[in-house]
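Position one of the sequence shown corresponds to residue 278 (this note's numbering), numbered consecutively onward. The beta-carbon is built from N, C-alpha and C at its ideal position, and this holds for glycine as well. In what follows, a structure is listed as structure tokens, so that the remarks can point back to it.
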Amino acid sequence: MLKVCPVCRSKEIDEIVYISAVPALANVLWSDQERAVSAKKGDICLVICRNCSFIFNSAYDPDLVDYDCCYENSLHCSNTFNGYCERLASDLSQRLHLKDKTIIEIGCGQGQFLSMLQHAGDNLAIGFDPSYRGAEPEEHDKTKIYTCIFPPKHPLEQEPDFLCCRHVLEHIFEPEAFVEEVTAAAKPRCKLYFEVPNANYMLRLPGIWDLLYEHFAYYTTTALKYLFLSAGCENIQVTERFYDQYLGLEAYTGKKRLSTNCQPQTHQIVTSAQKFGKAYKEKVQEWAKYLDSLVSKGEKVIIWGAGAKGIMFLNFLGMDYRTVPFITDINPAKHGCFLTGSGQMVIPPEELTSYRPDKVIIMNPAYKNEIEADLQRMDLHKAQILIA
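Printed below as a string of structure tokens:
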């Protein structure tokens, strides 16, 4: 168990909630149901630092987590999410004058956002991600992706003018060392953009389905600023993005690490965290009871969204494939696969026309309009939509 905050080194740690035996990798889907159900698990002991408001899993074991080409968490099949990414790439390119620049994205996945940044300003775009499944880059390519972590062992061809890292930092077990290493690999005054899930939003919702083992860290605005200020970054700005569900941090690399003596005001966040722990238990009990009642009445239930939220929803509730047999998702890479832990098969939305669900449970309200349109298109408008 970690007893010291990895961001500010404080020992003032409060437990929020303890959850045993959750899937170690929610975003790995399986071709075999038996292997999916028996996939390795770990415990979540969610705690908050009273000094800097950093939230983390003190029971986290990095040896349980291995990101490779089987890891699939892309949301780019969604028009809602894709539209957000395109607007973000355009906004960053215009405001930060990213034209004919060298851009690096850490944890670029299959390169969708990296490609948007490249096209927005005819930039040289270089990505790093061990889960990348595409071809090795050619020398003349203006978008190059390498299947290794950043920084690479060999020296960079060019120092980046802009360094981007989206939805990676929450996976990092030693965030202080990671940010220092990343900023050291860039030149002074390099422009940075980091994006993480918004822990402030998670606490106030409360978004209990946002808890997953591969997320070691949950950043509040205060903790995120503290981390980058400690690494010597300057002009730090943090804004809420994507329906307030993400935090976007913009900054410049500084010349040296700073001594951070600030005392952030965290009392309100700590109080919200304590309420979150109670809300977790209540919400799990309420949904488990409700789903049991639907199943006992013979109603057909489908979960829409085989991403992390949907997977944790079913695992937290203890709803395996014998109770709720299917989950649907628009990502074709997931079709025919089985959820880790609970074992549901992922089916394409088109199969709902024969299944004809009575209730459709969606995991993220940001996608409600898109899902409603899909249900209308398939003449499933009578299905009741519920937001988990």
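DSSP on Tyr423, reduced to helix/strand/coil? Look at Tyr423 here: in three-state DSSP terms it is strand.
If you follow the beta strand (DSSP E) that Trp581 is part of, which residue opens it and which one closes it? Residues 578-581.
How would you write the range of the beta strand (DSSP E) that Tyr337 sits in, first residue to last? Careful: Tyr337 lies outside any beta strand (DSSP E) and carries neither H nor E.
Who does Asp291 pair with in a DSSP beta bridge? Bridge partners of Asp291: Ile325.
Determine, using beta carbons only, whether Gln387 comes closer than 8 Å to chain D. Among the protein chains of the structure shown there is no chain D, as only one such chain exists.
Which term fits Gly531, buried or exposed, when burial requires 16 or more other beta carbons within 10 angstroms of its beta carbon? Answer is buried; the Cβ neighbour count reaches 16.
Three-state secondary structure (DSSP) at Asp399? Under the three-state reduction of DSSP, Asp399 is assigned to coil, being neither helix nor strand.
Between the C-alpha atoms of Ile668 and Asp320, what's the straight-line distance to the nearest angstrom? Here the chain has residues from 278 to 665 only, and residue 668 is not among them.
What's the C-alpha gap between Phe519 and Leu652? Looking at the two C-alpha atoms, the distance is approximately 23 Å.
Quick one: measure Cβ to Cβ for Leu251 and Leu591, integer angstroms, because I've assumed they're closer than 8 Å. The first residue shown for the chain is 278 and the last is 665, placing residue 251 beyond what the model contains.
Residue environment, Asp569, which counts as buried when at least 16 other CB atoms sit within 10 Å: That one is exposed.
If I follow the unbroken beta strand (DSSP E) through Phe439, where does it start and stop? It spans 439-443 - the beta strand (DSSP E) in which Phe439 sits, taken as one unbroken run.
Take Cys322 and list the residues in its own chain whose beta-carbon comes closer than 7 Å to its own, dropping the five residues that flank it on each side. So the qualifying residues of the chain are Met278, Glu292, Tyr295, Asn334, Ser335, Ala336.
Are there 16 or more other CB atoms within 10 angstroms of the CB of Gln435, so buried, or fewer, so exposed? By the 16-neighbour rule on beta-carbons within 10 angstroms, Gln435 is exposed.
Indicate whether the contact test is met: 3 or more Cβ pairs, each with one atom in the region 402-412 and one in the region 482-498, closer than 8 Å. No contact exists between the region 402-412 and the region 482-498.
Nonlocal neighbours in the same chain, by C-beta distance under 6 Å from Ala476, ignoring five residues either side: Excluding positions up to five away in sequence, the list reads Ile332, Tyr495, Tyr496, Thr497.
6 Å Cβ shell around Cys669 - same chain, five flanking residues per side excluded: There is no way to answer for residue 669, as the model of the chain reaches only from 278 to 665.
Quick check on Glu447: buried or exposed, where buried means 16 or more other Cβ atoms within 10 Å of its Cβ? By the 10 Å Cβ count, Glu447 comes out buried.
Taking the continuous alpha helix (DSSP H) assigned at Tyr503, which residues delimit it? Residues 498-507.
Cβ separation of Leu352 and Ala301, assumed to be a contact under 8 Å, to the nearest whole Å: Rounded to whole angstroms, the Cβ separation of Leu352 and Ala301 is 21 Å, and the two are not in contact under 8 Å.
So Ser330 packs on Ile546, CB below 8 Å; how close in whole Å? 4 Å between Cβ atoms; contact.
In three-state DSSP terms, what is Ile485? Note: Ile485 maps to helix in three-state DSSP.
According to the neighbour-count rule (16 or more other Cβ atoms, all chains shown, within 10 Å of its Cβ), is Lys502 buried or exposed? So Lys502 counts as buried.
Thinking C-beta only, is Val623 closer than 8 Å to Ala583? Cβ atoms of Ala583 and Val623: closer than 8 Å.
Less than 8 Å between the beta carbons of Glu458 and Val284, yes or no? Not closer than 8 Å, so no.
Rank Leu526, Asp521, Pro465 by C-alpha distance to the C-alpha of Gly509 and give the top, closest one. Taking the Cα of Gly509 as reference, the smallest distance to any Cα among Leu526, Asp521, Pro465 is reached at Pro465.
Delimiting residues of the beta strand (DSSP E) encompassing Val572: Run containing Val572: none in the beta strand (DSSP E); it sits in the alpha helix (DSSP H), 544-573.
In the DSSP assignment, find the alpha helix (DSSP H) that holds Val223 and state where it starts and stops. Only positions 278 to 665 of the chain appear in the structure, and residue 223 is not among them; the question remains open.
Closest residue to Ile426 among Ser315, Gly404, Ala397, Leu391 (Cα-Cα distance): Per the Cα distances, Gly404.
Tell me whether Gly595 is buried or exposed, calling it buried when 16 or more other Cβ atoms sit within 10 Å of its Cβ. Counting other Cβ atoms within 10 Å of its Cβ, Gly595 stays below 16 and is therefore classed as exposed.
Answer yes or no: do Glu349 and Ala610 have a C-beta to C-beta separation smaller than 8 Å? Yes, these two residues count as a Cβ contact at 8 Å.
Could you tell me whether the region 356-363 touches the region 630-650, using the rule of 3 or more Cβ pairs below 8 Å? The region 356-363, when compared against the region 630-650, does touch it at the 8 Å Cβ threshold.
Note down, in chain order, each residue of its chain lying with its Cβ closer than 6 Å to the Cβ of Ala397, except the 5 sequence neighbours on either side. Taken in chain order, the residues that qualify are Ala366, Ser367, Ser370.
Just how far apart, CA to CA, sit Leu571 and Pro625? Rounded to whole angstroms, Leu571 to Pro625 spans 23 Å at the Cα level.
To the nearest whole angstrom, what separates the beta carbons of Asp635 and Ala660, a pair I think is in contact under 8 Å? So it is a contact: roughly 6 Å between Cβ atoms.
For my contact list, Gln621 and Tyr598 are in at a C-beta cut-off of 8 Å; report their separation, rounded to the angstrom. Indeed, because the Cβ distance is near 5 Å, the residues count as touching under 8 Å.
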